[in-house]
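Note sheet for the following structure.
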Amino acid sequence: MADFDTDLFVIGGGSGGVRAARIAANHGARVMLAEEYRMGGTCVIRGCVPKKLLVYASRFAHEFEDAAGYGWTVPETSFDWAKLIANKDREIARLEAAYTANLTRSNVSIVKSRAVLEDAHTVHLLADGRRIRAKTILIATGGWPSMGNGIAGIEHVISSNEALDLKELPKRILIQGGGYIAVEFACVFAGLGSQVTLVYRGENILRGFDDDVRSHLRKEMEARGIRILCKRIVEAIERVDHGLCVELSDHEDILVDKVMFATGRRPNVKGLGLEAAGVKLDEKGAIAVDGYSRTNVPHIYAVGDVTDRINLTPVAIREGHAFADTVFGGKDIRVDHADVPTAVFSDPEVGTIGLTEMQAREQYHRVDIYKTTFRPMKTVFVGSERRTLMKIIVDGLTDRVLGCHIVGPDAGEMIQVLGIAIKMGATKADFDATMAVHPTAAEELVTMRTVTETHVRAAAE
Ligand SMILES: Cc1cc2nc3c(=O)[nH]c(=O)nc-3n(C[C@H](O)[C@H](O)[C@H](O)COP(=O)(O)OP(=O)(O)OC[C@H]3O[C@@H](n4cnc5c(N)ncnc54)[C@H](O)[C@@H]3O)c2cc1C
1 MADFDTDLFV
11 IGGGSGGVRA
21 ARIAANHGAR
31 VMLAEEYRMG
41 GTCVIRGCVP
51 KKLLVYASRF
61 AHEFEDAAGY
71 GWTVPETSFD
81 WAKLIANKDR
91 EIARLEAAYT
101 ANLTRSNVSI
111 VKSRAVLEDA
121 HTVHLLADGR
131 RIRAKTILIA
141 TGGWPSMGNG
151 IAGIEHVISS
161 NEALDLKELP
171 KRILIQGGGY
181 IAVEFACVFA
191 GLGSQVTLVY
201 RGENILRGFD
211 DDVRSHLRKE
221 MEARGIRILC
231 KRIVEAIERV
241 DHGLCVELSD
251 HEDILVDKVM
261 FATGRRPNVK
271 GLGLEAAGVK
281 LDEKGAIAVD
291 GYSRTNVPHI
301 YAVGDVTDRI
311 NLTPVAIREG
321 HAFADTVFGG
331 KDIRVDHADV
341 PTAVFSDPEV
351 GTIGLTEMQA
361 REQYHRVDIY
371 KTTFRPMKTV
381 FVGSERRTLM
391 KIIVDGLTDR
401 VLGCHIVGPD
411 AGEMIQVLGI
421 AIKMGATKAD
431 FDATMAVHPT
441 AAEELVTMRT
451 VTETHVRAAA
461 E
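According to the working numbering, the stretch in the sequence shown is residues 1 to 461, in order.
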């Protein structure tokens with residue numbers, strides 16, 4: 001249409017925006033995409049990828065310890081943080097270039113600029129002042145760390161963004177937060193040799209996860225030397241001679257070198273011009289969308305963390321893809337947000353899908369629980385006390401598996417595959433009919449035969 005400079009303007013070059021731009025362009029749309037920082041967004045630049053590289057690095061400590069029991073002589077080991085960060089940066093630059101090349105190959109026009117909406121069809125590019133008229137607009141601006149209400153000394157606090165780029169490994173670090181990012185960074189720093197304190201205001205870490213997962217992981221993390229202080233918050237931070245003095249709400253003072261807050265993330269909507277475009281937010285401050293990721297303005301869509309549905313990379317990608325297929329590919333695709341498998345890359349790892357025990361007990365009349373904890377073959381051999389937890393939650397009336405929760409090595413890999421079975425509606429009988437792969441840890445998932453607990457809901461009053 002002559003009126004418009006482009007068919008689609010995408011704001012944000014992260015997981016959701018990049019996928020949507022590429023698929024829309026492949027469907028024949030003229031597409032422009034603005035990214036104000038680096039192509040690839042949170043996942044590639046300051047999220048999943050750099051974090052997982054640090055996770056890998058941190059796990060070598062156990063490998064070296066365990067190797068001795070298997071007959072290896074491991075000379076004294078040492079760790080070079082600066083080298084790890086430099087290598088991580090090189091890998092991220094490679095991925096960023098690959099993202100850019102893929103978009104360019106698909107004929108997406110990339111603009112390195114902050115983009116702001118001026119009205120429902122006009123995008124203002126702050127880098128060069130251009131104004132682009134777009135027929136359809138996709139907002140994929142992601143999220144940003146929320147540092148809570150200002151406390152004394154907040155200027156000393158880093159978020160996960162800075163934690164991935166520290167000049168040196170802190171000898172002592174205090175992390176506030178109980179979600180997956182807090183837990184993962186606590187394990188990374190502990191694995192690399194830092195003394196770690198985790199402070200969380202709630203009852204226990206990983207709110208929203210199955211209670212057995214929470215208590216099992218906490219115990220395992222504590223066994224690895226991480227100090228976990230729940231029902232407390234950081235009240236103030238003061239720079240002192242030998243570091244930062246952190247005052248907790250129970251009046252304990254803790255001396256550390258770094259303080260990191262991982263206290264949640266907010267949708268990135270500030271200064272985006274949403275009011276000018278007439279786009280509404282929901283009560284949590286996220287862009288409100290329907291099942292097709294469409295906002296209240298019919299030609300403006302939003303995907304990924306800025307909509308605060310399930311804030312994970314594969315979800316943002318799926319939402320971006322579904323948007324492009326629906327609006328430019330003549331298909332009709334809503335994203336199914338049920339039964340999303342997910343992992344916490346803590347040490348030990350968590351893999352989870354479906355309902356927690358408490359959710360199942362609230363929603364189903366009779367719930368059967370199958371649960372086991374065991375010392376895996378690989379580490380029991382070297383005398384380790386580390387334990388794996390596996391838990392399957394079953395609808396006692398239909399036999400359908402409602403949820404599965406694993407804490408142990410490779411839990412993320414296991415839950416990805418198990419996700420297919422759960423998504424297909426597998427029953428416990430299907431699990432039982434599956435032959436075990438021996439000897440593995442995962443075989444426990446198909447060999448748990450005895451119900452450990454049954455919960456029958458009392459009749460409704
Ligand atoms: C530390 C950390 C670890 C994580 N680990 C995992 C994990 O292991 N697995 C997982 O699935 N998920 C993980 N996530 C979550 C995952 O990174 C996000 O869910 C995902 O990146 C969301 O994609 P998105 O497209 O919505 O936004 P983003 O990837 O955040 O991309 C948004 C982009 O928009 C740009 N932008 C914002 N405003 C503007 C503007 N006005 N103009 C131009 N550009 C703009 C930003 O610079 C950014 O590049 C992690 C997140 C963090 C912070």
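All residues carry an ideal CB built from backbone N, CA and C; glycine is no exception.
Residue i Cβ short of 8 Å to ligand 1 heavy atom set
i, result
"S146", "no"
"L8", "no"
"R38", "yes"
"I132", "no"
"D305", "yes"
"F323", "no"
"F345", "yes"
"T100", "no"
"K284", "no"
"E184", "yes"
"E35", "yes"
"C48", "yes"
"L272", "yes"
"T122", "no"
"L312", "yes"
"K171", "no"
"K51", "yes"
Whether residue i touches residue j by CB criterion (9 Å)
i, j, result
"E349", "G412", "yes"
"I154", "I233", "no"
"G28", "S160", "no"
"R239", "C187", "no"
"G150", "G383", "no"
"H124", "V111", "no"
"G14", "V44", "yes"
"D308", "K280", "no"
"V306", "G12", "yes"
"H299", "A120", "yes"
"H455", "R386", "no"
"A152", "F185", "no"
"A140", "A429", "no"
"M147", "T42", "no"
Those residues which DSSP pairs with residue i across a bridge
i, result
"F9", "M32, I137"
"M260", "I158, I175"
"Q195", "R172"
"H62", "Answer by DSSP bridge pairing: none, since H62 is not bridged."
"L281", "I287"
"P298", "Paired residues: none, contrary to the question."
Residue i CB to nearest heavy atom of ligand 2 below 8 Å
i, result
"T42", "Summarising the ligand content, the structure contains ligand 1 and does not contain ligand 2."
Exercise for the section: Decide yes or no for the touch test of the segment 281-295 against the segment 164-181: beta carbon pairs closer than 8 Å, at least 3 of them. Expected result: no
Exercise for the section: Say whether the segment 364-372 touches the segment 389-403, bearing in mind that this needs 3 or more beta-carbon pairs closer than 8 Å, one atom from each stretch. Expected result: yes
Practice task
Could you tell me whether the segment 166-176 touches the segment 213-222, using the rule of 3 or more Cβ pairs below 8 Å?
Solution key: no
Practice task
Could you tell me whether the segment 188-197 touches the segment 267-282, using the rule of 3 or more Cβ pairs below 8 Å?
Solution key: no
Practice task
Decide yes or no for the touch test of the segment 80-88 against the segment 96-103: beta carbon pairs closer than 8 Å, at least 3 of them.
Solution key: no
Exercise for the section: Tell me, please, whether the segment 317-325 touches the segment 15-24 by the rule of three or more beta-carbon pairs shorter than 8 Å. Expected result: yes
Problem - Segment contact flag, the segment 124-135 with the segment 53-65, C-beta cutoff 8 Å, min 3 pairs - result: no
Exercise for the section: Evaluate contact between the segment 351-361 and the segment 412-424, counting only Cβ atoms and requiring at least three cross-stretch pairs below 8 Å. Expected result: yes
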